[in-house]
Structure formats: C-alpha cells, structure tokens
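Peer 1:
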Amino acid sequence: MTTLNLDRRQLLLGAVAAAFAPSTRAKAHNGTVHVTIENLTFVPAEIEAKVGNTIEWVNKDPIAHTATVNGGWEVMIPPGATATRVVQAGDGVEYYCRFHPNMTGRIVIHA
Ligand SMILES: [Cu+2]
654 MTTLNLDRRQ
664 LLLGAVAAAF
674 APSTRAKAHN
684 GTVHVTIENL
694 TFVPAEIEAK
704 VGNTIEWVNK
714 DPIAHTATVN
724 GGWEVMIPPG
734 ATATRVVQAG
744 DGVEYYCRFH
754 PNMTGRIVIH
764 A
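In the working numbering, the protein residues as written are 654 to 764.
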C-alpha cells in the first residue's frame, strides 16, 4: 500500500517536472553547439549560443546541405562532412538549407 502510494507520487512529480522542463534547445558544450543533419532535418532545430561559440553542423546525409540566412551568411556542409561557424552578434536568426528550403533551424543568442 505504502509502496503503491509512493510510486504514484513519484509518477506525479515526474509529470510535473516534465511539464516545467526547459525547452530542448541545444546549448554549447566547451564552446561548441552541435547540430546533426540527418534525413534532411537539423537536429535539434533550435539552438542557443553565445557570441564567440562555435556551431558545428555534422551532415550524416549522402547529399550536401547548407545553413543559409536570407541576406546573410551561408555555410556549405558537404555530404558526410562537418562545417562550423563562429557565432557573431546578430546571429540570432532563422536559417534554412538552400537546396531543401523545408529544412529550417533557429539560433537564439543568449548573454
Ligand atoms: Cu539540404
């Protein structure tokens, strides 16, 4: 009986914690934010970075992709390769792949 109640409470606490969990935005580890490209998708689609961090895209697809900002920068990511960009002020933007405009990602700059 006691055990059952405890289990139920833990389940409830878990649900509450999940509801209040921060977003799944990727953040930098040792100054680098990793984005994997697989099946024509940026994973995660949304990342959080500081100015000076490096964004590293790892393309696991057999075709080339880009990280392109309208009127801004573009990073070419060849098939099976890795490409990087050092985050600059003003890089809080949406980006997409020039070859597959349905592929979109977002960079959120934080202090
Ligand atoms: Cu692409």
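Just so it is clear, CB atoms sit at the ideal spot from N, CA and C, and this is done for glycine as well.
#1: Is DSSP giving residue 691 helix, strand or coil here?
#2: Look at the alpha carbon of residue 764 and the alpha carbon of residue 725, and state the distance between them as a whole number of angstroms.
#3: What's the call for residue 706, buried or exposed, on a 16-neighbour Cβ count within 10 Å?
#4: Determine which residues share a DSSP beta bridge with residue 710 and list them.
#5: Can you tell which of 690, 685, 694, 711 has the C-alpha that lies nearest to the C-alpha of residue 736?
#6: Buried or exposed: residue 719, going by 16 or more other Cβ atoms within 10 Å of its Cβ?
#7: Near residue 694, which residues of its chain fall below 7 angstroms by C-beta distance, leaving aside the five closest residues on each side in sequence?
#8: With residue 688 and residue 758 assumed to form a contact (beta carbons below 8 angstroms), what rounded beta-carbon distance in angstroms separates them?
Peer 2: According to the structure shown:
#1: Here residue 691 corresponds to residue number 38 of the sequence shown, with the count starting at 1. Residue 691 falls in the coil class under three-state DSSP.
#2: In the sequence shown, the residue the question calls residue 764 occupies position 111. In the sequence shown, the residue the question calls residue 725 occupies position 72. Distance from the CA atom of residue 764 to the CA atom of residue 725, rounded to whole angstroms, is 22 angstroms.
#3: Position 53 of the sequence shown, counted from the first residue, corresponds to residue 706. Answer is buried; the Cβ neighbour count reaches 16.
#4: Within the sequence shown, numbered from 1, the residue matching residue 710 stands at position 57. According to DSSP, residue 710 bridges with 688, 736.
#5: In the sequence shown, counting from the first residue as 1, residue 736 sits at position 83. With distances taken between Cα atoms, residue 736 lies closest to 711.
#6: As a first step, residue 719 is located in the sequence shown; it is residue number 66 there, counting from the start. Burial call: buried.
#7: Taking the sequence shown and counting its residues from 1, the one referred to as residue 694 is at position 41. Around residue 694: 756.
#8: Translated into positions along the sequence shown, residue 688 becomes position 35. Translated into positions along the sequence shown, residue 758 becomes position 105. Yes, they are in contact, since the Cβ atoms of residue 688 and residue 758 sit about 7 angstroms apart, within 8 angstroms.
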